[in-house]
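The block underneath contains the structure these notes are about, expressed in structure tokens.
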Amino acid sequence: MELLYGPIRDYAWGSRSAIAELQGRPVPSDGPEAELWLGAHPAAPATVDRDGARVSLLDLLAADPDHWLGAEVLDRFGPRLPFLFKVLAAEAPLSLQVHPDAEQARAGFAADGARTDGHRNYVDPHHKPELLVALTPFEALCGFRDPAVSAAALAGFGVPALAPVVTALRSGGSGLREAVRLLLDWPVADRAGLVAAVVGAEIAGPDAALVRELAARYPDDPGVLVALLLHHVWLAPGEAIWMPAGNLHAYLRGSGVELMAASDNVLRCGLTPKHVDPVELLRILRFEVLDDPVVAARPVVPGVLTWPVPVDDFVLYRVVGTAGDPEVRLPVPGPRVTLCVAGTVTVGDDAGRVTLRCGEAAIGTAGAGPLLVSGPGEVFVAAAGLR
């Protein structure tokens, strides 16, 4: 095991306190800090110490993939770390977005290679399912809810112009595509008036509060109304949500650890000043009701939890210990990344041990034996999900 140093992405929606507090730095930070990346994605690879300098994990993997990844990961995923581990800290809503499945990502990346307008939809040929576990109270929009519930919510605003959308939703799941298409294709000149009419309705409740909050930031964006078609979820610390490919979602506020397949493919449809491509988004979006985006944790051994997900790119464990607890032994194959989020914890394997304070991370290579964790604190462990 050796220390791993992750870069911080400064997206505008980021917090000026969450990641700084986690790492024990002054608050507020100089600017927004949205995501701490602990992986080898080319957009922002983490680094490790080598001979007094910081060396990119991406370069180390390329130089010796057998040592870092092992034969099983190489055979399944090729010479790359198949997962990307993050700390996400949202002080403002992220965009409404969806991620492609593996086949869509491969085809989209190949097709995007011929684009000349500077607006690529696909930056790599990989899918991006993701799991998020809340570190603080966390609010999100995740997957389509029952269309009948959404129809009632939109009808309740009493805005006549929304009648076609309400009618589409009342036709059941088959009407979801038409409802989303109608909203995304709303005439640009009429969008601000539509949002204003909905905001001006004299009704109360969670849906009305959500619309008003989003409209305050995006007063001419029909994504404000698309948001009402989704589950509105509040997570307590330790609770998790799973976003498979094709499911529309937006994280609104809070911080959490996020583990995903190693991709940065994002297609947006609203709540953002960035590039949107409604046609491509409608093509890959899954117009199906997501019964429950919340994933129940499963105990592994005393003090250890995991969240089962139906992909083999990654697996996530949470280990919590107190003073005097026996050392935890996890048979988690490498490569693996361990992040400390509370206390001080010693982590190790056959290659050595390191002590992690809150906000610090370490990486272990393939073939290093079981992961050993001890000390009064809390860590999350990310690894490939191969068995």
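My numbering puts the first residue of the sequence shown at 58, with every later residue one more than the last.
Ideal Cβ positions, reconstructed from N, Cα and C, are used throughout, including at glycine.
Please read all numbers here as calculations on a predicted model, not as lab measurements.
Asked	Found
In chain order, which alpha helix (DSSP H) runs of at least 4 residues are fully inside the segment 182–223?	204–212
Hey, Met300 and Glu160: beta-carbon distance below 9 Å or not?	no
Between the beta-carbon of Gly81 and the beta-carbon of Lys143, is there less than 9 Å?	no
Does the separation of the CB atoms of Leu148 and Gly71 fall below 9 Å?	According to the sequence as given, residue 148 is Glu; it is not Leu. Cβ atoms of Glu148 and Gly71: closer than 9 Å.
Just to confirm, are Gly400 and Leu429 a CB contact at a threshold of 9 Å?	no
Short check: CB of Gly4 to CB of Leu287, under 9 Å?	Because residue 4 is not part of the residues shown, which for the chain are 58 to 444, the question remains open.
For Ala147, which residues does DSSP report across the bridge?	Gly71 and Gly311
Would the beta-carbon of Gln154 fall within 9 Å of that of Leu305?	yes
Using the C-alpha atoms, what's the distance from Leu151 back to Ala75?	16 Å
Measure the beta-carbon distance from Pro139 to Ala441 and round it to whole angstroms, keeping in mind my assumption that it falls under 8 Å.	5 Å
Got a sec, what are the start and stop residues for the alpha helix (DSSP H) Gly127 sits in?	Pro122 to Phe134
Pair every Cβ in the segment 222–235 with every Cβ in the segment 256–263, then say whether three or more of these pairs are closer than 8 Å.	no
Would Arg66 pass as an interface residue toward chain C - the criterion being a Cβ-Cβ separation below 9 Å?	Protein chain content of the structure displayed is limited to a single chain, and chain C is not contained in it.
Helix, strand or coil: which one does DSSP assign to Glu259?	coil
Return the residue from the list Trp243, Gly327 and Arg274 that minimises the CA-CA distance to Ala284.	Gly327
Tell me the DSSP secondary structure of Ser113 in three-state form.	strand
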